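Enquirer: One line per chain: the protein sequences are B and Y, in this order.
Residues 1 to 209 (the numbering used here) make up the first sequence, in order.
Residues 1001 to 1209 (the numbering used here) make up the second sequence, in order.
2 protein chains.
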Amino acid sequence: MTKRIAVREKVQERAEPKRAAQRIREMAGELFYRQGIRAVGVDEIVARAGVTKPSLYRSFPSKDELAAAYLRDHCDASLRRFNTAMDERPDDPRSQFRLWLADLSMRATQADYRGCGATNAAVEYPEPGHPARIQAAENKKQFRARLRALVRAMGAKRPDVLADGLLLLIEGAYASGQLFGPNGPARVLVETADALIDAHLSKAPRASR
Amino acid sequence: MTKRIAVREKVQERAEPKRAAQRIREMAGELFYRQGIRAVGVDEIVARAGVTKPSLYRSFPSKDELAAAYLRDHCDASLRRFNTAMDERPDDPRSQFRLWLADLSMRATQADYRGCGATNAAVEYPEPGHPARIQAAENKKQFRARLRALVRAMGAKRPDVLADGLLLLIEGAYASGQLFGPNGPARVLVETADALIDAHLSKAPRASR
DNA sequence: ATACAATGTTACTGACCGGTACGTGTTCGC
DNA sequence: GCGAACACGTACCGGTCAGTAACATTGTAT
């Protein structure tokens, strides 16, 4: 974040060596997500990234800030995936949302599912001022706003209430996916969300699907 | 400090000195829940419990097993609270459940809410064989069974589906309570659950509240 | 060639971690 | 009274943690 790269003439993004900071960031992302932030030491990160510890501390002021960077990456990616999924058919937001939910339901009922990285980070760091916690809260805030916009586009009468209800279901899928494996409650995610949306849209409460 | 009393003839459970194991268990419970298991060292536990480390390891084979014991206590207590709340008026399970949900909604929208200890433990210990994770999964399994029985008593047509839908909402409240503080999604917990139950009971989908 | 930026190498710090060997004091059966 | 059993404390272990200092090496651009 300090100096510039100065090689952007013709081959600025060749992936062969890959900057140390980037390798660290990616490896830290995988390890933090799979094993939890506290469970992963900086030595393990640099070892598996094929770099050394000073390289880490040249790019990140501390492990806590590296964790915050991981969360930023994590939610940038998931928010982008959500947006592109919705933008595929802007005319039918409900169907697109349903597809996204079905995908989440599938992932959340797999054996090694690990839930949402931001939620997990907040569990690991309850201290209010911690960088990882601040970033996690920011991620959640952004997703909530995005979900509200989507529900508003569905034409719900009380969009914020419905959006929060759906958010409860989604967070519930994140959490329960880790504890109950397959056959967990996340398997009913789609039809439960359907019932909820139906109720808020005053359509026929049956007749879904 | 704290001499012994040696009176267990007639009053064997006076709370004055309290066995070291019990003090450890209680203090570990508080600290583990508030700060997370990994964040709390055994030194802090014994120091704040007013005992010493060997006392801990005489009663518990390891910190991991102490964490498992904490989870057992945690969910024993919450399951007992749930049962007594339901048993107050066995004729009207839905109202009692509604009251319990309202209480959860209130707690989950307070600033320092920490969610469910079992869910948090599973986040901290993703490794499948870990004692804390095993106990956490057991807790969740028991609660799911209890919830299914309750929904069955409500007379729902597909009780397991409704119970899992409600479980998603509950776990969602646990998780989102930690990230969004007050004004978080958990504020709509009761009315969302109502809408869901209505839909499953084929009552008028409106008319809630 | 040279200058510079990025990274690696090695070694280190002090704090803290979970866990334990061993000694001390109190209580109770006799 | 006396010794065994019990509950508990003192002092310590080796390992790991996050983070740093000082220096060597590489690659690249001019």
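The C-beta atom is built at its ideal place from N, Cα and C for all residues, glycine as well.
Because the structure is a prediction, the values reported are computed rather than measured.
1. Give me the residue from Y/Ile1134, Y/Gly1177, Y/Asn1139, Y/Lys1157 with the minimum Cα distance to Y/Asp1112.
2. Measure the alpha-carbon distance for Y/Ala1153 versus B/Leu179 and round it to whole angstroms.
3. Is there at least one Cβ from chain Y nearer than 8 Å to B/Glu9's Cβ?
4. Mind listing the chain Y neighbours of B/Thr52? Cutoff is C-beta to C-beta under 7 Å, in chain order.
5. Take B/Tyr125 and list the residues in its own chain whose beta-carbon comes closer than 6 Å to its own, dropping the five residues that flank it on each side.
6. Do B/Ala163 and B/Asn261 count as a contact pair if the criterion is CB distance below 8 Å?
7. Measuring only the C-alpha atoms, how far is Y/Ile1024 from Y/Ala1077?
8. Does the Cβ-Cβ distance between Y/Leu1189 and B/Leu168 come in under 8 Å?
9. Relative to the alpha-carbon of Y/Ala1149, which residue among Y/Ala1199, Y/Val1046, Y/Asp1087 has its alpha-carbon at the smallest distance?
10. CB-CB under 7 Å to Y/Leu1079, same chain, minus the five flanking residues each way: which ones, in chain order?
11. Could you list which residues in chain Y have their beta carbon closer than 8 Å to that of B/Phe180, in chain order?
12. Between the C-alpha atoms of Y/Ala1121 and Y/Ala1136, what's the straight-line distance to the nearest angstrom?
13. Does B/Gly41 pass the burial test, meaning 16 or more other C-beta atoms within 10 Å, or should it be called exposed?
14. Taking the alpha carbon of Y/Asp1092 as the reference point, which residue from Y/Val1151, Y/Gln1035, Y/Lys1157 has its own alpha carbon closest?
15. Hey, does Y/Leu1079 have any beta-carbon neighbour from chain B nearer than 8 Å?
16. Give the interface partners of Y/Leu1196 over in chain B, defined as CB-CB distance under 9 Å, in chain order.
17. So B/Gly172 packs on Y/Gly1172, CB below 8 Å; how close in whole Å?
18. Which residues in the same chain as Y/His1074 place their Cβ atom closer than 6 Å to its Cβ, once the five residues preceding and following it in sequence are excluded?
19. Within this structure, are the beta carbons of B/Ala47 and B/Phe60 separated by less than 8 Å?
20. Quick check on B/His130: does DSSP put it in helix, strand or coil?
21. Does DSSP classify B/Pro61 as helix, strand or coil?
22. Can you pull the chain Y neighbours of B/Ser176, defined as C-beta to C-beta under 7 Å?
23. Check whether the Cβ of B/Gln22 lies closer than 8 Å to any Cβ atom in chain Y.
24. What three-state label does DSSP hand B/Glu26 in the structure shown?
25. If we cut at 8 Å on Cβ distances, does Y/Ala1149 have a partner in chain B?
26. Since B/Ile37 is in the alpha helix (DSSP H), which residue starts that stretch and which ends it?
27. Identify the contact partners of B/Gln35 in chain Y, using a Cβ-Cβ distance below 9 Å as the criterion.
28. Which residues mark the beginning and the end of the alpha helix (DSSP H) in which Y/Asp1092 is found?
29. For B/Ala199, which of B/Gly165, B/Ala175, B/Ala102, B/Tyr174 has the nearest alpha-carbon?
30. Helix, strand or coil: which one does DSSP assign to Y/Arg1019?
31. Would you report the Cα separation of Y/Arg1081 and Y/Leu1104, rounded to the nearest angstrom?
32. Please give me, in chain order, every unbroken run of the beta strand (DSSP E) with length at least 3 that falls completely inside the stretch 1164 to 1193 of chain Y.
33. According to DSSP, is Y/Lys1157 helix, strand or coil?
34. My assumption, with CB atoms under 8 Å, is that B/Ala28 sits in contact with B/Leu66. Please give the rounded CB distance.
35. Would you mind sorting Y/Gly1187 into buried or exposed? The rule is 16 or more other CB atoms within 10 Å of its CB.
36. Determine the closest residue to Y/Glu1127 out of B/Ala156, B/Leu31, B/Tyr57, with distance taken between C-alpha atoms.
Expert: Put simply:
1. Ranking the options by Cα distance to Y/Asp1112, first place goes to Y/Gly1177.
2. As the crow flies, the alpha-carbon of Y/Ala1153 is around 25 Å from that of B/Leu179.
3. Only weak support is given to the placement of B/Glu9: the predicted model assigns it a pLDDT of 30, under 50, and the question is left unresolved by the model.
4. Scanning chain Y for C-beta atoms nearer than 7 Å to the C-beta of B/Thr52 yields nothing, as the closest lies near 26 Å away.
5. Its chain contains Ala132, Arg133 as the residues whose beta carbon lies nearer than 6 Å to that of B/Tyr125, once the 5 sequence neighbours on both sides are disregarded; these appear in chain order.
6. Residue 261 of chain B lies beyond the range of chain B shown here (1 to 209); nothing can be said about it.
7. Y/Ile1024 and Y/Ala1077: Cα-Cα distance of roughly 17 Å.
8. The Cβ-Cβ distance between Y/Leu1189 and B/Leu168 falls below 8 Å.
9. Of the candidates Y/Ala1199, Y/Val1046, Y/Asp1087, the residue whose Cα lies closest to the Cα of Y/Ala1149 is Y/Asp1087.
10. For Y/Leu1079, where only same-chain residues beyond five positions count, the Cβ hits under 7 Å are Gln1142, Phe1143, Arg1146.
11. Those within 8 Å of B/Phe180 in chain Y are Ala1137, Lys1140, Lys1141, Arg1144.
12. Computed Cα separation, rounded: 7 Å.
13. Burial call: exposed.
14. For Y/Asp1092, the nearest C-alpha among the options comes from Y/Val1151.
15. It does not: the Cβ of Y/Leu1079 has no partner Cβ on chain B nearer than 8 Å.
16. Residues of chain B passing the Cβ test: Gly165, Thr192, Ala195, Leu196, Ala199.
17. About 4 Å separates the two Cβ atoms, so the contact holds.
18. Leaving aside the five residues that flank Y/His1074 on each side, the residues in its chain whose CB is nearer than 6 Å to its CB run, in chain order, Gly1117.
19. No, they are not a contact pair.
20. Assigned with DSSP and collapsed to three states, B/His130 falls in coil, not helix or strand.
21. Coil at B/Pro61, not helix or strand.
22. Under the 7 Å cutoff, chain Y gives Leu1167, Leu1168, Glu1171.
23. No, B/Gln22 lies away from the interface with chain Y (no Cβ there is under 8 Å from its Cβ).
24. B/Glu26 sits in a helix when the DSSP states are folded into three classes.
25. No, no contact with chain B.
26. B/Ile37 -> no alpha helix (DSSP H), and no H or E assigned at all.
27. Chain Y residues near B/Gln35: Pro1126, Glu1127.
28. For Y/Asp1092, there is no enclosing alpha helix (DSSP H), as DSSP marks it with neither H nor E.
29. Check the Cα spacing between B/Ala199 and each of B/Gly165, B/Ala175, B/Ala102, B/Tyr174: the tightest is with B/Gly165.
30. In the three-state DSSP reduction, Y/Arg1019 falls in the coil class, being neither helix nor strand.
31. Going by the C-alpha atoms only, they are around 12 Å apart.
32. Counting only runs of 3 or more, we get nothing.
33. Looking at Y/Lys1157 - three-state DSSP - the assignment turns out to be coil, as it is neither helix nor strand.
34. About 6 Å; that satisfies the 8 Å criterion.
35. Note that residue 1187 of chain Y is Arg in the sequence shown, not Gly. Per the 10 Å Cβ criterion, buried.
36. Proximity to Y/Glu1127 across B/Ala156, B/Leu31, B/Tyr57 peaks at B/Leu31, based on C-alpha coordinates.
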